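Each step along the sequence shown adds one to the number in UniProt numbering, with nothing skipped, and position 158 is 158. The beta carbon of each residue, even a glycine, is placed where N, CA and C say it ideally should be. Keep in mind the model is a prediction, meaning the values are calculated, not measured. All remarks here apply to the structure that follows.
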Amino acid sequence: PATSISKGEVICLDSSGDEADNVIELSSGDEDTLKISSESGNEEDDERSSATEESSGAHINDAQNQPDAQGRVLVNINHPIEEADLFLAPQLARAVKPHQVGGIRFLYDNLVESLERYKTSGGFGCILAHSMGLGKTLQVISFIDILLRHTGAHTVLAIVPVNTLQNWLAEFNLWLPSPESLPPDIDPSYVTPRNFKVHILNDEHKTTAARAKVVEDWSSDGGVLLMGYEMYRQLSLKKSFVAGRKRKSKKPVGPVIIDLDEEDRQQELLKAIEKALARPGPDVVICDEGHRIKNCHASTSQALKNIRSRRRVVLTGYPLQNNLIEYWCMVDFVRPDFLGTRQEFSNMFERPILNGQCLDSTPHDVRLMRYRSHVLHSLLEGFVQRRGHNVLRTQLPSKEEHVILVRLSPLQRALYTEFMQRFREAGNSGWLSLNPLKAFCVCCKIWNHPDVLYEALQKENLTSEQDLDLDDLNSTSNTRCSASGLKSKAGDNKPVIGISPLQERTNQVITYEWAKDIMANYQTGVLENSAKMVLLFHLIDRSVSKGDKILVFSQSLSTLTVIEDFLSKRPIPIHRVNPDSTSQNWVRNVNYYRLDGSTSASERERLINQFNDPENESAWVFLLSTRAGCLGVNLIGANRVVVFDASWNPCHDAQAVCRVYRYGQRKPCHIYRLVCDFTLEKKIYDRQISKQGMSDRVVDDLNPVLTFTRREVESLLHFVEEEPDPSYTDLMPSEELEIVMKQACQMYPHLISKQPFHHESLLMDRKDLKLTKAEKRAAKKSYEDEKRASVPYSRPSYAHYYPASDQSLTNIPAFSQRNWRPTASSDEKPVASVRPVQSTPIPMMPRQVPVGLAGSSSGVSFPVNYLQKAGVYVQRVVTTTDIVIPGSNSTTDVPSRIGAGESIHVIKGSMSQWALVTIADTPQMWTHLSTPVFSYPFINSLYITNGTTMS
1 PATSISKGEV ICLDSSGDEA DNVIELSSGD EDTLKISSES GNEEDDERSS ATEESSGAHI
61 NDAQNQPDAQ GRVLVNINHP IEEADLFLAP QLARAVKPHQ VGGIRFLYDN LVESLERYKT
121 SGGFGCILAH SMGLGKTLQV ISFIDILLRH TGAHTVLAIV PVNTLQNWLA EFNLWLPSPE
181 SLPPDIDPSY VTPRNFKVHI LNDEHKTTAA RAKVVEDWSS DGGVLLMGYE MYRQLSLKKS
241 FVAGRKRKSK KPVGPVIIDL DEEDRQQELL KAIEKALARP GPDVVICDEG HRIKNCHAST
301 SQALKNIRSR RRVVLTGYPL QNNLIEYWCM VDFVRPDFLG TRQEFSNMFE RPILNGQCLD
361 STPHDVRLMR YRSHVLHSLL EGFVQRRGHN VLRTQLPSKE EHVILVRLSP LQRALYTEFM
421 QRFREAGNSG WLSLNPLKAF CVCCKIWNHP DVLYEALQKE NLTSEQDLDL DDLNSTSNTR
481 CSASGLKSKA GDNKPVIGIS PLQERTNQVI TYEWAKDIMA NYQTGVLENS AKMVLLFHLI
541 DRSVSKGDKI LVFSQSLSTL TVIEDFLSKR PIPIHRVNPD STSQNWVRNV NYYRLDGSTS
601 ASERERLINQ FNDPENESAW VFLLSTRAGC LGVNLIGANR VVVFDASWNP CHDAQAVCRV
661 YRYGQRKPCH IYRLVCDFTL EKKIYDRQIS KQGMSDRVVD DLNPVLTFTR REVESLLHFV
721 EEEPDPSYTD LMPSEELEIV MKQACQMYPH LISKQPFHHE SLLMDRKDLK LTKAEKRAAK
781 KSYEDEKRAS VPYSRPSYAH YYPASDQSLT NIPAFSQRNW RPTASSDEKP VASVRPVQST
841 PIPMMPRQVP VGLAGSSSGV SFPVNYLQKA GVYVQRVVTT TDIVIPGSNS TTDVPSRIGA
901 GESIHVIKGS MSQWALVTIA DTPQMWTHLS TPVFSYPFIN SLYITNGTTM S
């Protein structure tokens with residue numbers, strides 16, 4: 001049959017190698033055939049002007065973010081000629097750094113644009129994604145002053161973490177003092193007071209009436225309202241509050257008396273609150289630590305999206321933390337529908353990027369990952385301004401992050417081995433498999449110190465949530481684990497990074513029966529039972545001896561208590577700051593402090609101020625829980641940090657680092673991450689690197705090295721029964737290591753499994769992998785082609801290939817042709833936005849083929865025009881060898897191969913997958929199989945062979 005078709009119409013497929021001169025081979029790759037124009041033509045120069053710029057976005061050239069000759073900072077640069085120049089208040093102009101000037105201008109351009117445009121436009125939102133410590137609060141305060149002073153805006157709602165409310169109020173009073181707080185003879189050219197009020201709504205307002213009064217004053221007087229996320233969620237859900245009411249009360253003995261008048265008053269107050277907060281709500285809403293908007297189904301996210309104002313600002317130092325879906329959720333809040341639906345985003349970006357970021361990814365997947373990462377970054381650069389810590393490197397002392405891989409002690413190894421053996425024996429039905437978060441909590445007790453596990457044994461009913469400070473995980477439902485015995489639902493469309501405790505059973509109690517025999521004669525208070533603890537106190541002693549203050553972060557509250565117990569029994573090292581000091585044991589609130597979730601706001605502020613006081617030469621150590629101490633805390637009095645255990649979310653550990661590495665730090669900073677090797681904690685750390693690498697790629701447009709294979713990233717419960725012999729570990733302290741680390745390697749080589757390394761070494765930017773201009777154009781074109789192809793190409797649209805027919809079973813309404821045919825409406829979703837589903841198990845009814853499709857077997861026409869109009873690539877070919885078709889569990893009589901010499905069509909579908917199609921002698925008998933040909937959700941292809949359609 002190949003000889004009867006013209007050469008221009010046929011491409012022969014042949015794997016035998018015969019007649020090579022007459023065969024055009026088809027590449028196995030999926031990329032488009034793209035003709036690249038000459039580099040010297042009229043191409044756009046999309047290269048960055050500076051190699052040091054970390055991210056794209058408006059106003060990131062700090063050479064231009066400078067005050068004028070008079071020291072004034074212009075905000076509305078390039079404004080219309082009929083509008084006046086808008087300058088920052090003089091006290092702000094003297095304080096802001098160049099990158100902060102760029103941030104203020106970025107906010108103005110996105111939310112205001114111009115004074116005239118502000119009056120006529122509904123506005124847009126943006127994300128200020130500056131790393132921790134770059135002064136986002138000051139930038140927002142400066143922008144709010146310009147907004148309320150010049151645009152006619154009346155109200156601004158700032159929703160912030162509740163533990164930073166007082167800090168925000170203090171910042172407003174510091175940078176924009178009220179007129180009443182300034183001396184009457186103050187020079188206005190030196191300090192300009194604010195012309196608006198700052199209202200605060202916190203837990204001191206107990207009743208609905210008290211809260212309604214604050215909201216009403218703000219709505220009528222204007223200005224800024226500060227409130228927490230939980231408070232906003234409660235008020236938006238119209239929850240009423242009555243003073244003195246207890247959360248839990250006994251069932252009343254007698255009849256319940258309801259004051260209907262009081263209920264009506266409560267509802268009226270709640271309606272007024274909702275009107276002020278959401279409908280229509282404020283002129284501008286600002287969400288600090290906006291990465292909390294990471295679950296689009298959470299009640300807080302839903303409440304925030306109900307705000308009618310489209311002028312929304314998200315402040316975050318870590319826009320991408322666990323996965324891309326969380327990033328999409330935050331972007332969708334500031335620019336609704338900009339990236340399409342969640343499913344469309346998943347198909348276009350999440351899956352290609354996840355598939356290509358592992359060391360063992362195929363070259364095609366890696367290339368597609370790089371392409372899609374660049375496209376996503378370029379799509380968002382107009383309203384996501386990213387500035388990283390490179391800004392600080394020229395203004396602050398150096399920072400080094402050391403990773404120390406620690407061994408388990410013999411006792412810890414016995415406990416961990418027994419625990420993992422029980423997990424293996426329990427299989428998929430055990431409580432560990434059903435709740436892996438609890439498994440992590442048990443492991444934490446083992447590798448931190450057996451004393452923590454011993455304490456749990458004494459409290460037989462202790463649950464994991466009472467110890468680990470992991471409340472943020474309760475709001476994350478976009479992640480899953482993919483280890484043996486920890487499988488998620490088939491067909492789930494979620495990334496394989498992290499764990500969702502909401503999907504697990506929470507009514508199970510941890511049992512410690514497995515540890516009782518090993519811990520029968522356990523002696524508490526032995527430091528050497530944990531290698532981590534030995535190294536921790538080495539770091540503390542050596543740091544204090546050098547006159548450096550140190551922070552210790554742990555997510556386990558029990559671990560902090562154990563550390564306190566060891567501190568109280570040890571003497572304070574003699575330090576060079578005060579060598580004449582007498583040796584004494586550590587005393588809480590004198591020589592060391594502790595901060596966790598139970599610390600009150602006033603006590604929190606007092607402890608921080610005392611620790612940062614340079615005159616305080618008594619306090620050297622600050623113990624902090626990772627969650628409570630990573631936000632709203634400035635601890636520049638210290639310059640050394642120990643991250644005692646790895647967190648699920650990499651941003652929590654990174655935020656801990658930023659407590660010391662920020663403006664005001666005057667000493668070189670050293671960070672020590674202690675990670676237990678050959679355990680679950682090492683796998684968690686590996687995932688941190690994988691997540692951070694994805695963030696660097698998408699948010700910062702960098703090219704981090706591919707460090708781990710897919711198996712290494714996805715496997716969670718990693719278990720090695722025997723560690724390598726310590727004698728084979730050759731620790732050679734490098735000259736580059738600072739003195740404290742070098743001493744640790746020399747004194748405790750048997751406790752360290754590998755040579756310590758820098759955390760940044762796993763995230764090095766491969767500048768040689770940066771996309772060329774031609775590759776960027778190819779990436780953009782492939783994305784646009786796929787997006788265009790996916791719009792009209794939906795599974796229901798196949799019905800349009802068949803005309804209306806009276807041959808359908810009209811006596812059965814469900815199978816009536818008229819009922820089955822979809823209507824052409826704009827609500828019809830493309831394939832890219834629909835999760836793959838099982839086709840109907842009952843064959844579709846025979847249909848009459850339109851004119852042009854029917855014919856003899858030698859002259860059958862194919863609906864090429866229909867597909868090409870949708871942007872689908874179609875090529876007619878002739879096979880020279882048999883082609884095996886993937887099998888199916890359908891009961892339909894489907895052949896297993898396409899014979900040699902058959903005329904087929906090669907289609908490139910909307911998801912960049914090749915499909916083989918052939919038209920049979922009787923095309924009227926097309927039917928759907930009962931199941932998809934492929935089980936992979938990212939493959940969207942169509943097979944038509946011998947009268948059968950498989951999709």
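7 angstroms Cβ shell around residue i - same chain, five flanking residues per side excluded
{"i": "V660", "result": "L551, L635, I636, A638, N639, V641 and C669"}
{"i": "F143", "result": "I104, L107 and Y108"}
Extent of the continuous beta strand (DSSP E) to which residue i belongs
{"i": "C126", "result": "C126 to H130"}
{"i": "L201", "result": "V198 to L201"}
{"i": "V191", "result": "Premise fails: V191 is in no beta strand (DSSP E) and is neither H nor E."}
{"i": "L671", "result": "Note on residue identity: the sequence assigns Ile, not Leu, to residue 671. Residues C669 to C676."}
{"i": "V552", "result": "I550 to S554"}
Three-state class that DSSP yields for residue i in the structure shown
{"i": "G223", "result": "strand"}
{"i": "E400", "result": "strand"}
{"i": "H905", "result": "strand"}
{"i": "L148", "result": "helix"}
{"i": "F419", "result": "helix"}
{"i": "H758", "result": "strand"}
{"i": "Q91", "result": "helix"}
{"i": "Y685", "result": "helix"}
{"i": "L138", "result": "helix"}
{"i": "T155", "result": "strand"}
{"i": "Q746", "result": "helix"}
{"i": "Y592", "result": "strand"}
{"i": "L624", "result": "strand"}
{"i": "N585", "result": "strand"}
Cβ-Cβ separation, residue j to residue i (assumed contact under 8 angstroms), whole Å
{"i": "P336", "j": "Q665", "result": "Not really, about 39 angstroms apart at Cβ, beyond 8 angstroms."}
{"i": "V878", "j": "S903", "result": "6 angstroms"}
{"i": "P193", "j": "L169", "result": "Not quite, the Cβ-Cβ distance comes to about 16 angstroms (not below 8 angstroms), so this is no contact."}
{"i": "L226", "j": "L201", "result": "7 angstroms"}
{"i": "H758", "j": "H402", "result": "7 angstroms"}
{"i": "F349", "j": "R372", "result": "5 angstroms"}
{"i": "A212", "j": "I307", "result": "That belief does not hold up - the Cβ atoms of A212 and I307 are roughly 18 angstroms apart, past 8 angstroms."}
Neighbour-count burial assignment, residue i, 16 or more Cβ in a 10 Å radius
{"i": "N585", "result": "exposed"}
{"i": "K136", "result": "buried"}
{"i": "G71", "result": "exposed"}
{"i": "L174", "result": "exposed"}
{"i": "S600", "result": "exposed"}
{"i": "H99", "result": "buried"}
{"i": "A63", "result": "exposed"}
{"i": "Y593", "result": "buried"}
{"i": "R424", "result": "exposed"}
{"i": "M747", "result": "exposed"}
{"i": "I258", "result": "exposed"}
{"i": "G859", "result": "Since pLDDT at G859 reaches only 45, below the 50 mark, its modelled position is unreliable, and the value read off the structure follows with that caveat. Flag for G859 reads exposed."}
{"i": "G597", "result": "exposed"}
{"i": "Y318", "result": "buried"}
Neighbourhood of residue i by C-beta, 8 angstroms cutoff - its chain only, sequence neighbours within 5 removed
{"i": "F553", "result": "L624, S625, T626, G629, C630, V641, V642, V643, F644, D653 and A656"}
Opening and closing residue of the alpha helix (DSSP H) in which residue i lies
{"i": "V101", "result": "P98 to L111"}
{"i": "I540", "result": "A531 to S545"}
{"i": "I60", "result": "First-last for I60: undefined, no H or E at that position."}
{"i": "C287", "result": "First-last for C287: V284 to C287, but that is the beta strand (DSSP E), not the alpha helix (DSSP H)."}
Spatial neighbours of residue i in its chain, beta-carbon cut-off 6 angstroms, leaving aside the 5 residues before and after
{"i": "D365", "result": "N355 and G356"}
{"i": "R312", "result": "G125, V285 and V334"}
{"i": "V160", "result": "W168 and D288"}
{"i": "P614", "result": "none"}
{"i": "C443", "result": "L680"}
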